[in-house]
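These protein sequence lines map, in sequence, to chains R and Z. The numbering of the first sequence is the numbering used here, which starts it at 1471 and goes up by one. The numbering of the second sequence is the numbering used here, which starts it at 58 and goes up by one. For every residue, glycine included, the Cβ atom is placed at its ideal position computed from N, Cα and C. The block underneath contains the structure these notes are about, expressed in structure tokens.
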Amino acid sequence: MDKFIKNIGMNGRAQMNIVIVGHVDHGKSTVIGRLLADTGSLPQGKLESVRESCRRNSKPFEYAFLLDALKDEQAQGITIDMARCFFKTAARDYIIIDAPGHIEFLKNMITGASRAESALLVIDADEGIKENSKRHGKMVSMLGVKQVTVLVNKMDLVGYREDIFEKLKADYSAFLAQINVTPLSFIPVSAREGDNIVSLSEKMPWYKGVSVLEQLDQFTSDMELQEKPFRFPVQDIYKFTRSNDDRRIVAGTVAAGSVQVGDEVLFLPSGKQSIIQSIESFNTLPKQSASASEASGFTLATQIYVRPGELMVNPSEPLPEVGCRFRVNLFWLGRAPMIKQKEYKLKLGSARATVKLAEICNTLDASDLSYSKSKPQIDCRDVSECILETSRPIAFDITSVSEATGRFVIVDNYEIAGGGVVVENLSAGESLLQQHIRDRENNWEAGLVRAEQRAVVNRHRAKFIVFTGVPGSGKRAVAKALEQGLFQNGMNAYYLGVANIDRGLDADLGSLADSAGERLRRIGELARILTDAGLIFITTIDDADDYDIETLKLLNEPNDILVVNLGENGFSRYQPDLQLPDGGAVADAVSSVADLLKTKEIIIDYQI
Amino acid sequence: MDHLDKLEAQSVYILREAYREFKSLCMLWSIGKDSTVMLWLARKAFFGHVPIPLVHIDTHFKIPEMIEYRDRFALEWNLNMIYGENLEALDGKLTFPDGNTDRITCCKYLKSEALKHTLSGEWPRYRIDHDKRRYVVDERKEPYNGVVVGVRADEEGSRSKERYFSPRDKDNVWDVGDQPPEFWNQFKTDFAPGTHVRIHPLLDWTEQNIWEYIEREKIPVVSLYFNQGGGTRYRSLGCYPCTNPVNSDSQTVSEIIDEIKTGKFSNIAERSGRAQDSEDGGGLETLRRDGYM
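Below is the structure:
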């Protein structure tokens, strides 16, 4: 492999990744062997040695053997995987990603195709359209490969007949149209004979198009990314204080568009805003702008608290979607099927979220393009139109608007088990959580004691009080003192330390960050029960944001929540019921909360 | 963006992704040109800093200049530099240069085994102390679950099959036939307890790209790569008993680039001076399945 790679990749030359797909034995290897041989991209003596070895073994030479010989060098007999071949034309350098045709190797095919800018779909003129001709077509389209050319191969086996080519072209075009793929061209070829590969063949005078090589050189690289609205998935926030560096750098790769020093920026879903103060880099000249595909970093003019996973955009450009519920086209590769009720991890841009399968609208069997409306689960290799719901809102794009921020993968049991594209934001509809609350409340089995009766006997109403603020803001001390004060005034108050839940109720969740949503849900459900019991239930939450509070509020319904924040808060729109300074006297904080409880008529009186 | 810009951006993205997702991450630095470029890319990714510990496996048969170079830049660039070794094999002289094993077994003992046990924390790690300017035994023994490695797909056969994020099981074994898919720029960053992930930011780089980038960025590389007047230079660096210099007049980076692109090396494999490759049937598959980089 490395023997011939040295010849190519000259500095400054354009490079393009092409994936070559198709049903097994339709001639992909022969096409590649031909391209390598006829563009002079083979290592010295390789062609001769393979011919010689064929002669010695009395078997006819085939161009596919070239690829096998190269692969053997690469592979040393190890398992088939996607392999890369390199060749060049006058126009540019190419990397051909050879994706295996066997169905078992579909995930290799996907890995290869998702890196490609263009695709060659190979179909056997004699055998016609096969299962993988369709499935691969669908995959290539879903993966966002826009430039597709169909090679109708083995024309020598059908006597180079125009009618057979035209028939296949019509049939396959009709199929591709159903999946929104418009090929740039159909080329009749015989890879074995070299017809229409590098130059046009005399054997098919009726064909007036371009050769495969000419077609490759006509493919264009995706330049339009720069023109799209600015999208910057925040990959991380760096501050290397220990190395005497005070810069707080928002780092990531620009997914689309561009940004300049001085531009206003908006972070979603948090809604925070700031201005680009500087563009940071190492060992380069100072930069004033950054655009699509650049790995970059920014400092902001104001100190705002943003987290990895947010999407930084320009507020004067078309905004992305924000929501929890969206319709997607999803391709499933998992050994276990994708099922409802189970929590998965979604990765979209730099965002990570817990996600559930809310509904399956349609399942496509890609081999015969038949739809099934009634499938209860998504099986391996199914292509499904379905509705996903994340536990908290994320920022994303509809894939047709901005690809890089409109596609995602699903992780199941540590493995990437599926991938897909977002086709519609459905966040206005009822969420899974809302459905759950509605179901729960409709079926709530109440005892014979009513809430008002409890309030009369207790001499206070029930309330769920949540203290928020950054770690170290002193909220736990205040929460505990409040419990004690209320208790000493004869009220039924209970403080729950969240660490106790971690070690008890949540012990089954482990330490996975993914389970943050489930932890919150359990606190909310617990609050619903304890407030139903008439208690003033007090707990604390670190770094709560708008969605944490909205979730708790919803889970505690129909009962009430009261939010007290100490010091700096992580909210962007949510206004806490009470905002207190951090580091103040505990007794002052407690009496402020008690005053508010009196104002809200939760308690009648409070004596210190 | 030209081709080198694109390669750089992708590698930086991968390094940042690894740094974000892996709590216990390290980067292997062999002192060779590839992992030195990778180290430079880390400085790009983290704006001049290298927040990831660098691990070097010292076979004690490295060319002395390599170790001098390592320690010089470890101090100069404020690196969290760690080395590990196979003391048992070295003390027992179970090595090829001592005449007690073949080359492959020697590689297995001094590199694969040393690496495995250094990564797991079972064997001592030596960390540079920037105040004392010398190595001390590292107190931290937690295993690394993410290991950044500078392999390139074009180097030799088995490496062309690698993913950017490649899982290894408890015994360091690489299941080549059943690798996870990589969609777009989403990689395998989740892993079961007890397994670890190798991260390959340089997978798409070629030998020529590496040298072009060294030239563009003016990255200091060990002088063994250049002809110092004797008419030979090293093209690939390793242990001195098993690595031979090649005949070459190249004294500068740009002369090396010319040599690779159009000159005498355009059709000769980079690792042709590495004797263990040919003993392994022409590829590194046997060694690599067992954890060799």
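Measuring CA to CA, which of R:Leu2067, R:Arg1605, R:Ala1589, R:Gly1582 is closest to R:Asp1835?
R:Arg1605
Would you please verify whether the beta carbon of Z:Gly295 is less than 7 Å from any beta carbon of chain R?
no
Have a look at Z:Ile267, Z:Thr152, Z:Thr246 and flag the residue whose alpha-carbon is nearest the alpha-carbon of Z:Glu170.
Z:Thr152
Can you tell me the Cα-Cα spacing of R:Val1825 and R:Met1782, whole angstroms?
22 Å
Z:Val205 to Z:Ile256 span [Cα, whole Å]
5 Å
Looking at R:Phe1934: is its Cβ nearer than 7 Å to the Cβ of R:Ile2031?
yes
Cβ contact check for the segment 119-137 of chain Z and the segment 304-312 of chain Z: 3 or more pairs under 8 Å:
no
Proximal residues of chain R, C-beta to C-beta of Z:Ala66 below 8 Å:
Thr1723, Ser1763, Glu1764, Ala1765
Could you give the distance in angstroms between the alpha-carbon of Z:Ser92 and the alpha-carbon of Z:Arg77?
20 Å
Hey, how far is the Cα of R:Thr1769 from the Cα of R:Thr1509?
48 Å
List the residues of chain R that Z:Pro245 touches, going by C-beta distances under 9 Å, in chain order.
Before going on, a small fix: residue 245 of chain Z reads as Lys here, not Pro. Residues of chain R passing the Cβ test: Val1881, Tyr1884, Glu1885, Ile1886.
Does the structure place the segment 1918-1937 of chain R close enough to the segment 1960-1980 of chain R that three or more beta carbon pairs sit under 8 Å?
yes
Starting from Z:Cys83, follow the beta strand (DSSP E) in both directions and report where the run begins and ends.
82-85
Looking at C-alpha atoms only, which residue of R:Ser1744, R:Lys1742, R:Ser1728 is the closest neighbour of R:Glu1764?
R:Ser1728
From the beta carbon of R:Ile1580, is the nearest beta carbon of chain Z less than 7 Å away?
yes
Say whether chain R places a C-beta atom closer than 7 Å to the C-beta of Z:Lys101.
yes
May I have the straight-line CA-CA distance separating R:Tyr1814 from R:Leu1979, to the nearest angstrom?
14 Å
Alpha-carbon to alpha-carbon, R:Met1579 and R:Gln1758:
40 Å
Buried or exposed by the 16-neighbour rule on C-beta atoms within 10 Å, applied to R:Tyr1630:
buried
Looking at chain R, is there any beta carbon in it that lies within less than 7 Å of the beta carbon of Z:Trp241?
yes
Hey, is R:Gly1889's beta-carbon within less than 7 Å of any beta-carbon in chain C?
Looking at the structure shown, chain C is missing, and the protein chains on hand are R and Z.
Quick check on the DSSP output: what are the complete beta strand (DSSP E) runs of length 3 or more inside the segment 108-183 of chain Z, in order along the chain?
111-114, 138-141
Would you verify that the beta carbon of Z:Val205 is, or is not, closer than 7 Å to some beta carbon of chain R?
no
Beta-ladder partner(s) of R:Gly1767, from DSSP:
R:Ala1721
Are any of the Cβ atoms in chain R nearer than 7 Å to that of Z:Val69?
yes
What would DSSP say about R:Arg1521, mapped onto helix, strand or coil?
helix
Any C-beta of chain R sitting closer than 7 Å to the C-beta of Z:Pro238?
yes
Pairing CB atoms from the segment 2061-2073 of chain R with CB atoms from the segment 195-211 of chain Z, are three or more of them under 8 Å?
no
Comparing C-alpha positions only, which one of R:Gln1730, R:Gln2049, R:Leu1975, R:Asp1867 sits nearest to R:Thr1938?
R:Gln2049
Let me see if you follow: with CB-CB separation under 7 Å, is Z:Phe104 close to chain R or not?
yes
What residues are listed by DSSP as bridge partners for R:Asp1733?
For R:Asp1733, which the question treats as bridged, DSSP gives no partner whatsoever.
Which of helix, strand or coil does DSSP assign to Z:Asn284?
coil
Span of the alpha helix (DSSP H) around R:Gly1955
1945-1958
CB-CB length for R:Leu1506 against R:Phe1557, believed under 8 Å
5 Å
Using only CA atoms, which one of R:Leu1613, R:Ile1830, R:Val1622, R:Ser1872 lies nearest to R:Ser1603?
R:Val1622
Identity of the residue in Z:Asn304, Z:Pro298, Z:Met138, Z:Val194 nearest Z:Gly286 by Cα
Z:Asn304
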